[in-house]
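S.K.:
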Amino acid sequence: LGEQTARKHVPYRDSKLTRILQPSLSGNSRMAIICTISPASGSVDNTRAALHFANAAKKVTMRPVINEVADDKAIIKGLQAEINALRQQLSGQAWVNQTQQLNA
108 LGEQTARKHV
118 PYRDSKLTRI
128 LQPSLSGNSR
138 MAIICTISPA
148 SGSVDNTRAA
158 LHFANAAKKV
168 TMRPVINEVA
178 DDKAIIKGLQ
188 AEINALRQQL
198 SGQAWVNQTQ
208 QLNA
């Protein structure tokens, strides 16, 4: 609070506060915002800005997404199932090709 320095605007995406709150802002948690205001006549602008922010924050909708943690065995099992499905598709296409060649 000593020197008066020119403030540089920091975009919200690049702010330290956004990085700290990123898990909360991602939609996977509950969020509570406490808006403090002052009855003093000198802080009318700050109070209006705080109330405006609180009103805008109230309209934000959260879309929680379940985080999936897959271990190596689960990944391998999924890939094996995909390989088997692709093999079945290929064998079905080969049968269709043989049938078309016999009919030609």
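Per this note's numbering, the very first residue in the sequence shown carries number 108; after that it's consecutive.
Each residue gets a CB set at the ideal place from its N, CA and C atoms; glycine is no exception.
Source: prediction; values computed, not measured.
1) Give the straight-line distance between the Cα atoms of I127 and R137, rounded to the nearest whole angstrom.
2) What's the C-alpha gap between T154 and N162?
3) Looking at I140: is its Cβ nearer than 8 Å to the Cβ of A164?
4) Whole angstroms are fine: how far does the CA of Q129 sit from the CA of L108?
5) So what does DSSP say about S145, is it helix, strand or coil?
6) Over what stretch of residues does the alpha helix (DSSP H) that includes K165 continue unbroken?
M.R.: In short, the structure shows the following:
1) Your numbering for residue 127 matches position 20 in the sequence shown. Your numbering for residue 137 matches position 30 in the sequence shown. I127 and R137: Cα-Cα distance of roughly 15 Å.
2) If you number the sequence shown from 1, residue 154 lands on position 47. If you number the sequence shown from 1, residue 162 lands on position 55. T154 and N162: Cα-Cα distance of roughly 12 Å.
3) Position 33 of the sequence shown, counted from the first residue, corresponds to residue 140. Position 57 of the sequence shown, counted from the first residue, corresponds to residue 164. For I140 and A164, yes; Cβs fall inside 8 Å.
4) On the sequence shown, residue 108 is found 1 positions in, with the first residue counted as 1. On the sequence shown, residue 129 is found 22 positions in, with the first residue counted as 1. Confidence at L108 is low in this model, with a pLDDT of 47, below 50, so the placement of that residue is unreliable and no value is reported for it.
5) Taking the sequence shown and counting its residues from 1, the one referred to as residue 145 is at position 38. In the structure shown, S145 sits in coil (DSSP, three-state: anything other than H, G, I, E or B).
6) Residue numbering aside, residue 165 sits at position 58 when the sequence shown is read from its first letter. 151-165 is the span of the alpha helix (DSSP H), which, as asked, contains K165.
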